[in-house]
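Residue numbers (this note's numbering): 1 to 123.
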Amino acid sequence: PAPPAEQERPQAPPPGAKRPRPKEEPPPGGPCQDSVAQDPVAAPAQAVAEIMLLDEGPSSPAHLAVDCDFYQRKSERLAAENGDLRGRLLGLEQQLRSLEATVEDQARSIRHHEVDLLELERR
């Protein structure tokens, strides 16, 4: 049998196993706390940061601040891009409605010309 000292050592988790949540928590009222409460777009970014902490494990406040800033900026960039894309979509929808109205007017005009030609042929 192995000596008792070797039996007491904890086993390393298998590769790919999730690490337990770090015991060290970021200070209350940190940069993410205020922004999440005020900006609902930041909440998903914060959730992603927390999930990444479980998987990768950096737990120092400095690492958390870096991740928080990264995801905050990413969230803001994506929100701005989303707004731009929504604006472009509205413009394209308006243009499509205008083109559809033009096609309908031309179809109506063509139908009127067909009726006029049929009346001329009957004479």
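Positions of the beta carbon are idealized from the N, C-alpha and C atoms, including for glycine.
Here the structure is a predicted model, which is why all the values come from computation and not from measurement.
If we call anything under 8 Å between Cβ atoms a contact, is Q95 one with Y71? Sequence index remark: in the sequence shown, residue 95 carries index 95 (1-based). Sequence index remark: in the sequence shown, residue 71 carries index 71 (1-based). No, these two residues do not count as a Cβ contact at 8 Å.
Using three-state DSSP, classify R123 as helix, strand or coil. If you number the sequence shown from 1, residue 123 lands on position 123. In the structure shown, R123 sits in coil (DSSP, three-state: anything other than H, G, I, E or B).
Using the beta-carbon count (16 or more within 10 Å), is D67 buried or exposed? On the sequence shown, residue 67 is found 67 positions in, with the first residue counted as 1. Buried, because 16 or more other Cβ atoms sit within 10 Å of the Cβ of D67.
DSSP-derived helix/strand/coil call for S60: The sequence position of residue 60 within the sequence shown is 60, counting from 1. In this structure, S60 counts as coil in the three-state DSSP scheme.
Can you give the Cα-Cα distance for G91 and G83, rounded to whole angstroms? Translated into the one-based positions of the sequence shown, residue 91 becomes position 91. Translated into the one-based positions of the sequence shown, residue 83 becomes position 83. Rounded to whole angstroms, G91 to G83 spans 12 Å at the Cα level.
Apply the 10 Å Cβ neighbour rule to H113 and answer buried if 16 or more other Cβ atoms are within range, or exposed otherwise. Start at 1 with the first residue of the sequence shown, and residue 113 comes out as number 113. Classification for H113: exposed.
Could you tell me the alpha carbon to alpha carbon distance between R122 and I110, rounded to whole angstroms? Your numbering for residue 122 matches position 122 in the sequence shown. Your numbering for residue 110 matches position 110 in the sequence shown. The straight-line gap from Cα to Cα measures roughly 19 Å.
Using the Cα positions of R73 and L89, report the straight-line distance between them to the nearest angstrom. Within the sequence shown, numbered from 1, the residue matching residue 73 stands at position 73. Within the sequence shown, numbered from 1, the residue matching residue 89 stands at position 89. Those two C-alpha atoms are separated by around 24 Å.
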